[in-house]
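Take a look at the structure below.
Residue numbers (my numbering), protein chains in the order written: chain Y, 1 to 157; chain F, 1 to 291.
Structure below.
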C-alpha cells in the first residue's frame, strides 16, 4: 500500500505491506534511526514519536495508519545546530547513561511540556511513566525535564 | 515481532465498515486504538485476515453529555476522557479508571469502547461501566441496537456483540444527586494489568441510606464480576463501618480469582475485601455522606 507521511516537516512516501509497523517505516524504510526499538511489546517507550502532536509507541501503530498524518521524531528537535531545551536539559543534568531510552524520553517530555509548562515533580514522573529507563533511576531524567521546563518558560523554543 | 499478513481496509463511514464486517465476518477485526489488538497480532495470538480501521471515520471521537446521559464515541481515547472537564466534574470514577489503564502513551491511542469490546477480564472499564449502569450502542447491517452492559461480558474476550456489529458508543446515565463513585486498582507497576481492582458507585437517599449501590470487580474471574450479594446486603442500609466491612467480605466471597504471577488466589480474594471497603468509604465521601 502507498503511504504518505510528513516527518519533521518533510514529506515522505513509500510502498509498504499493511503489517509494517510505523517504527519500521521510520527506521528501516526512511532510515531515520534516532527512534529506537526497545521491548517491541508496547512497554518501554523507546520508540515514542509524536503522531499529530501526541506521543505514541510507534511499535504499536501500523505505518498505514499514519498515512496523511504528521509525525515528529527525535531528529526534529534540534534546529540549525541548536539543541532543543529538552535535549539541552538531558545533557546538562546527565539525564542519560546508555542513551537507549533517550529518544523516547525526549519526545514524551517535549509533548508534555507543551501542555504543562510549569510541572510539578509528580506530574513529570506521571508523564514519563510509559517510558522505561534501566540506567539512571529517573532522578536525573526528572531534573532534565525541570531544566527544560525552566528554559522554555524563559522563552526558549 | 511481525504480525501475520492481512488486508487493510479504511472505511470512511460506519455503514461501509459494517458492510466490510458482513462480508468478512469472523476473519475480520475492527482496529480502533489497536493497543490490545496490535500486541496480540505481533504475538500471533490474533491473526485476522482483514483489518478494518475505523480511525478515518469522522465524528466518533466525542465525550459529551445531553439529556442526562454521558456519551462516549468509539474513537474517544482514554486520554480524551482523562482531559475531559465534564468527566472530571461529574464522573470522577471514570477519571480514576482511565488514569490507571496502561500508561500515558498507550492512553493517547487506546479507546474506551475498545476497552469494553475487547473484553479482557483484566480490562478496567468493564467494572466501572457495570456499576454505572451503562448502555452500549452497536451498529450492524440491520441497524442500531442498544445493549445493557449487564450481561454483555460472557467470557474472556467474549461479548454478546455480533461478528458483524461495531460498538459505536457507550452511554452512561448521569447519576442523581448524593451519588459518588470510585475505582481502586492495585497494580504491580504502571502498565500492568490489575492484580485486582474494585469499582463502587452509590446513591444515598435523603435520609442517608444506600438507595443504589454498584460493586464491580476486575480481573478476579473469567469476566468482570458484579458483587450482587454485597450490593443486596447494602441496599436500604446506612453505610456505617460495620456494614462496609460485611459488604467487603461478601464481595471477596463473590470473587473467583486464580493464582498466577500477580499473586495467589487467597491473596487476591483478600485484596478484594480490602479494596471494596476502601472503595465504599471513598464513594460515600464523594456522595457527600462522609461526615
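Glycine is no exception: its CB is placed at the ideal position from the N, C-alpha and C atoms.
Note that the C-beta distance between residue 139 (chain F) and residue 159 (chain F) is not below 7 Å.
DSSP places residue 1 (chain Y) outside both helix and strand once states are collapsed to three, so it counts as coil. Around residue 64 (chain Y), the beta-carbon contacts reaching into chain F at under 7 Å are 8.
Residues of the segment 118 to 137 of chain Y whose Cβ lies closer than 9 Å to any Cβ of chain F, in chain order: 126, 127, 128, 129, 130, 131, 132. By the Cβ criterion, the segment 72 to 86 of chain Y is not in contact with the segment 11 to 23 of chain F, since fewer than three pairs of Cβ atoms, one from each stretch, lie closer than 8 Å. Exclusion of the five residues before and after residue 135 (chain Y) leaves 97, 98 as the residues of its chain whose Cβ lies within less than 6 Å of its Cβ. If only uninterrupted beta strand (DSSP E) runs of at least 3 residues are considered, those enclosed by the segment 35 to 87 of chain F are 50 to 53, 63 to 66, 69 to 73. Judged by pairs of C-beta atoms under 8 Å, the segment 133 to 152 of chain F does not touch the segment 186 to 199 of chain F, as fewer than three such pairs exist. The Cβ of residue 115 (chain F) sits no closer than 7 Å to any Cβ of chain Y. Under the three-state reduction of DSSP, residue 248 (chain F) is assigned to helix. For chain Y, the residues of the segment 188 to 211 of chain F that bring a beta carbon within less than 8 Å of one of its beta carbons are 190, 191, in chain order. The residues 73, 74, 75, 103, in chain order, have a CB closer than 8 Å to that of residue 34 (chain Y) in the same chain once the five nearest residues on each side in sequence are set aside. Of the residues F:4, F:256, F:46, the one whose Cα lies closest to the Cα of residue 216 (chain F) is F:256. The Cβ-Cβ distance between residue 75 (chain F) and residue 52 (chain F) does not fall below 7 Å. Counting the other Cβ atoms within 10 Å of the Cβ of residue 13 (chain Y) gives fewer than 16, which makes it exposed. Not flagged as an interface residue toward chain F: residue 79 (chain Y), since no C-beta distance is shorter than 7 Å.
Within the segment 97 to 108 of chain F, the residues whose Cβ lies closer than 7 Å to some Cβ of chain Y are 103, 104, 105, 106, 108, listed in chain order.
In the structure shown, the three-state DSSP call for residue 163 (chain F) is coil. About 5 Å separates the CB atoms of residue 72 (chain F) and residue 63 (chain F); that is less than 8 Å, so the two are in contact.
A distance below 7 Å separates the beta carbons of residue 93 (chain F) and residue 128 (chain F).
Per DSSP, residue 114 (chain Y) lies in no beta strand (DSSP E) segment; the continuous alpha helix (DSSP H) that holds it begins and ends at 102 to 115. In this structure the segment 147 to 157 of chain F touches the segment 130 to 139 of chain F; the number of beta carbon pairs closer than 8 Å is three or more. Residue 154 (chain Y) counts as exposed, since fewer than 16 other beta carbons sit within 10 angstroms of its beta carbon. Taking 7 Å as the threshold, the shortest C-beta distance from residue 39 (chain F) to chain Y falls below it. Where residue 96 (chain F) is concerned, the enclosing alpha helix (DSSP H) starts and stops at 92 to 99. Close partners of residue 55 (chain F) in chain Y (Cβ separation under 8 Å): 65. In this structure, the alpha-carbon of residue 282 (chain F) lies about 36 Å from that of residue 38 (chain F).
With three or more CB-CB distances shorter than 8 Å, the segment 97 to 110 of chain F counts as touching the segment 49 to 63 of chain Y.
The segment 246 to 253 of chain F and the segment 220 to 233 of chain F touch, with no fewer than 3 CB-CB distances between them shorter than 8 Å.
The DSSP-derived three-state label of residue 114 (chain F) is helix.
Residues 132 of the same chain have their beta carbon placed closer than 8 Å to that of residue 43 (chain Y), with the five preceding and five following residues left out of the count.
With the criterion set as a beta carbon lying under 9 Å from some beta carbon of chain F, the members of the segment 9 to 23 of chain Y are 17, 18, 19, 20, 21, in sequence order. Three or more Cβ pairs drawn from the segment 262 to 276 of chain F and the segment 188 to 199 of chain F lie within less than 8 Å of each other, which places the two stretches in contact. Setting aside the 5 residues that flank it on each side, residue 82 (chain F) is surrounded in the same chain by 95, 98, 99, 107, each with a C-beta closer than 8 Å to its C-beta; the list follows chain order.
Note on geometry: alpha-carbon atoms of residue 63 (chain Y) and residue 27 (chain F) lie some 21 Å from one another.
If the five residues before and after residue 92 (chain Y) are omitted, its C-beta is found closer than 7 Å to the C-beta atoms of 147, all from its own chain and listed in chain order.
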